[in-house]
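Here the structure comes first, spelled out in structure tokens, and everything after it is commentary.
There are 2 protein chains.
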Amino acid sequence: MSEGIDGRYHDEDERGFLSSYDPHVFAPAAVTVDVVALTIREGLPHVLLARRAAHPQRGLWALPGGFVRAQDSEAGPADPDLPDAALRVLAEKTPMPAEIHLEQLGTYGALDRDPRMRVISVAYMVFAPDLPDPGTGRDISEAAWVPWTTKEETAFDHARVLDDAVERARSKLEYTSLATAFLPPTFTITALRGVYEAIWGRALHAANFHRKILATPGFVEDTSELADRGGSGGGRRARLYRAGEAALLHPPLLRGAQ
Amino acid sequence: MSEGIDGRYHDEDERGFLSSYDPHVFAPAAVTVDVVALTIREGLPHVLLARRAAHPQRGLWALPGGFVRAQDSEAGPADPDLPDAALRVLAEKTPMPAEIHLEQLGTYGALDRDPRMRVISVAYMVFAPDLPDPGTGRDISEAAWVPWTTKEETAFDHARVLDDAVERARSKLEYTSLATAFLPPTFTITALRGVYEAIWGRALHAANFHRKILATPGFVEDTSELADRGGSGGGRRARLYRAGEAALLHPPLLRGAQ
DNA sequence: CCAAAAGTGTTTCTAATACACCCATGT
DNA sequence: ACATGGGTGTATTAGAAACACTTTTGG
């Protein structure tokens, strides 16, 4: 074992060391979580945004977010892990189904990204099927599903976070079965194609898409059921599928091609 | 503008709000950066590890890391952004060339991942060409390039971080020009294939790999130079290439196939 | 000359694409 | 009947893989 960089502790045992620790000395930055919750409404991707109810940047649209509860406090019990914190701050804006796809996007910590102090923000993404509009009750600040192409001003660096999320979503559709996270438990191939078309922003060849999905092992599983209606203006009733076991797609569905 | 959730601030202007802020109230977690620096030595991937010089877990291998400097202090000036902090803690272990590929891996914040206190760790990845062994001078704790398959015990949750880094590296070779980051400024196609073989852990077809690389626009650029020697036991001298402009590969080099 | 590594030619096979066409359902 | 959307058949084409072969170098 090597000599310590800092001589102060090298003669103590670990127990003694731990009991002498003052977290505040090493805790000069605040940690928040921000959530980019995405869904598809009427063929267009939407993101859940909330009006900031407090300073700074009060009144601007912002991603649902909040401070990580590092330990038990009067605000509530500690968040066991960062995903728990993300789900907690999201639930403060709108109710979410139990089974929800959550993944980390990245962490943003530039010195000047928050005017109050040094804030390190861990951003998460949520992919959800179409959900009701958030309530606007007394303990709920105004929140809404907003098209992700919105030109309205957003707080802090949330525009950049949203851009990163969009690119991540577009890319993950190619290589993973993520698209099913935007759909209800059973869905048609056409609905799945609608997810791709909404996120990638371009039309896909229906017939070839259909075959490609069925040729990708584990992407979807056949429920021998049919959808209720064959379309608004008539049409054959589509077969219903559910999400398969595969998380990664082999082969991938590349967006470079048609 | 909506009414604030917390009524305390809704009558103050933003300037007055900011001046009343006490960061310590909202700063109950420490933030660190940890760096997974990868290189390839003799055909095998290696990671830079350092023996922990201080408690806790003194003496165990750990990723290079340290606390983010959230503001100016006696330790030094504030880190302007998280990548600056990552490069700083890496440079404390071994010198690095100026041009180095750095990217964020993810953030780890489970309640019990550090016995001292709540520590949120932002992990970064560095991809480097083969570098000299780290010095072991008086201000430098013992550090070394260790094969990434090491069975030695590592501190905290660093084994999981390393696993995530390995999977990220394997995956990014498929879709990006990342492999060139492991090589010196000019290199042969065979050396590039060596990177893929080392990271993916399997042999690739030399002739087809060669053509596939040259058929991928922007991956490599021809320098009309030849490598010095054609191999240890004789052999034709290989053409030298440098990294091209493309960051994403179209088409990708999938590892599913041969 | 022989071995070793770089690089090219060519055949074979698989998969993506385009487009024609049939099926099932609502109006 | 006809429009609409679901789904299949099939010819063409592009790309991946396998393997034979040539080129260039060191011993």
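Line order of the protein sequences matches chains A and B. Mapping of the first sequence onto the numbering used here: residues 1 to 258, in sequence order. Mapping of the second sequence onto the numbering used here: residues 1001 to 1258, in sequence order. Glycine included, each C-beta is placed from N, C-alpha and C at the ideal position.
At a CB-CB cut-off below 8 Å, which residues of chain B make contact with residue i?
{"i": "isoleucine 40 (chain A)", "result": "Residues of chain B passing the Cβ test: none, with the nearest at roughly 24 Å."}
For residue i, write down the residues that DSSP places opposite it in a beta bridge.
{"i": "methionine 125 (chain A)", "result": "A:Val36 and A:Glu103"}
{"i": "alanine 191 (chain A)", "result": "DSSP lists no partner for alanine 191 (chain A)."}
{"i": "tryptophan 145 (chain A)", "result": "A:Leu48"}
{"i": "arginine 41 (chain A)", "result": "A:Leu44"}
{"i": "tyrosine 1108 (chain B)", "result": "B:Ser1121"}
{"i": "alanine 243 (chain A)", "result": "A:Val220"}
{"i": "glycine 1233 (chain B)", "result": "None; glycine 1233 (chain B) has no bridge partner."}
{"i": "leucine 248 (chain A)", "result": "A:Thr176"}
{"i": "glycine 1135 (chain B)", "result": "Bridge partners of glycine 1135 (chain B): none, in fact."}
{"i": "alanine 1062 (chain B)", "result": "B:Ala1050"}
{"i": "alanine 86 (chain A)", "result": "According to DSSP, which records beta bridges pairwise, alanine 86 (chain A) is partnered with nothing at all."}
{"i": "alanine 29 (chain A)", "result": "In the DSSP output, where bridge partners are listed per residue, alanine 29 (chain A) has none listed."}
For residue i and chain A, any beta-carbon pair shorter than 9 Å?
{"i": "aspartate 1079 (chain B)", "result": "yes"}
{"i": "arginine 1193 (chain B)", "result": "no"}
{"i": "isoleucine 1120 (chain B)", "result": "yes"}
{"i": "glycine 1076 (chain B)", "result": "no"}
{"i": "threonine 1180 (chain B)", "result": "no"}
{"i": "serine 1002 (chain B)", "result": "Residue placement at serine 1002 (chain B) cannot be trusted, given a pLDDT of 37 that sits under 50; what the coordinates show is reported in the next sentence. Chain A contact via Cβ: present."}
Can you grab the Cα-Cα spacing for the pair residue i / residue j, in whole Å?
{"i": "leucine 1214 (chain B)", "j": "tyrosine 1175 (chain B)", "result": "15 Å"}
{"i": "methionine 1117 (chain B)", "j": "leucine 204 (chain A)", "result": "51 Å"}
{"i": "glutamate 99 (chain A)", "j": "alanine 1191 (chain B)", "result": "46 Å"}
{"i": "valine 68 (chain A)", "j": "aspartate 222 (chain A)", "result": "41 Å"}
{"i": "tyrosine 21 (chain A)", "j": "histidine 1055 (chain B)", "result": "With a pLDDT of only 48 at tyrosine 21 (chain A), under the threshold of 50, the placement of this residue in the model should not be trusted, and no figure is reported."}
{"i": "arginine 1160 (chain B)", "j": "alanine 1243 (chain B)", "result": "31 Å"}
{"i": "alanine 1144 (chain B)", "j": "alanine 1050 (chain B)", "result": "6 Å"}
{"i": "lysine 268 (chain A)", "j": "leucine 162 (chain A)", "result": "As displayed, chain A neither begins before 1 nor continues past 258, which places residue 268 (chain A) out of reach and without an answer."}
{"i": "glycine 59 (chain A)", "j": "glutamate 1153 (chain B)", "result": "50 Å"}
{"i": "arginine 170 (chain A)", "j": "proline 95 (chain A)", "result": "26 Å"}
{"i": "glycine 65 (chain A)", "j": "proline 147 (chain A)", "result": "19 Å"}
{"i": "tyrosine 241 (chain A)", "j": "threonine 1186 (chain B)", "result": "50 Å"}
{"i": "alanine 238 (chain A)", "j": "alanine 165 (chain A)", "result": "32 Å"}
{"i": "alanine 85 (chain A)", "j": "valine 1220 (chain B)", "result": "44 Å"}
{"i": "histidine 1046 (chain B)", "j": "threonine 1149 (chain B)", "result": "8 Å"}
{"i": "arginine 202 (chain A)", "j": "leucine 1082 (chain B)", "result": "36 Å"}
{"i": "glycine 1133 (chain B)", "j": "glutamate 197 (chain A)", "result": "Per the sequence shown, residue 1133 (chain B) should be read as aspartate rather than glycine. One C-alpha to the other measures close to 50 Å."}
{"i": "leucine 1063 (chain B)", "j": "valine 1089 (chain B)", "result": "10 Å"}
{"i": "glycine 1106 (chain B)", "j": "glycine 1233 (chain B)", "result": "44 Å"}
{"i": "alanine 1123 (chain B)", "j": "valine 1031 (chain B)", "result": "11 Å"}
{"i": "leucine 1038 (chain B)", "j": "aspartate 1130 (chain B)", "result": "9 Å"}
{"i": "alanine 227 (chain A)", "j": "alanine 207 (chain A)", "result": "18 Å"}
{"i": "serine 121 (chain A)", "j": "isoleucine 1120 (chain B)", "result": "11 Å"}
{"i": "alanine 1246 (chain B)", "j": "serine 224 (chain A)", "result": "45 Å"}
{"i": "arginine 112 (chain A)", "j": "glutamine 57 (chain A)", "result": "Per the sequence shown, residue 112 (chain A) should be read as aspartate rather than arginine. Aspartate 112 (chain A) and glutamine 57 (chain A): Cα-Cα distance of roughly 14 Å."}
{"i": "alanine 27 (chain A)", "j": "phenylalanine 1156 (chain B)", "result": "Residue placement at alanine 27 (chain A) is flagged as unreliable, the pLDDT there being 46, under the threshold of 50; the coordinate-derived value follows with that caveat. Each residue's alpha carbon lies about 19 Å from the other."}
Measuring only between beta-carbons, confirm whether residue i sits less than 9 Å from chain B.
{"i": "tyrosine 21 (chain A)", "result": "Confidence is the limiting factor: at tyrosine 21 (chain A) the pLDDT is only 48, short of 50, which leaves the residue's position unreliable, though a coordinate-based value still follows. Yes, contact with chain B."}
{"i": "glutamate 12 (chain A)", "result": "Residue placement at glutamate 12 (chain A) is flagged as unreliable, the pLDDT there being 45, under the threshold of 50; the coordinate-derived value follows with that caveat. At least one chain B Cβ lies under 9 Å of glutamate 12 (chain A)."}
{"i": "glycine 201 (chain A)", "result": "no"}
{"i": "methionine 254 (chain A)", "result": "Looking at the sequence provided, one finds leucine at residue 254 (chain A) rather than methionine. Answer yes: the Cβ-Cβ gap between leucine 254 (chain A) and chain B drops below 9 Å somewhere."}
{"i": "leucine 111 (chain A)", "result": "yes"}
{"i": "tyrosine 175 (chain A)", "result": "yes"}
{"i": "proline 251 (chain A)", "result": "yes"}
Starting from residue i, find everything on chain B with Cβ-Cβ shorter than 7 Å and list it in chain order.
{"i": "threonine 107 (chain A)", "result": "Leu1082, Gln1104, Thr1107 and Val1122"}
{"i": "alanine 29 (chain A)", "result": "Ala1027, Val1031, Val1068 and Ala1070"}
Quick check for students: name the residue ranges of the beta strand (DSSP E) that lie wholly in the region 1195-1225 of chain B, counting only runs of 3 or more. none
Quick one: which unbroken alpha helix (DSSP H) runs of 4-plus residues sit fully inside the region 145-186 of chain A? Chain order, please. 158-175
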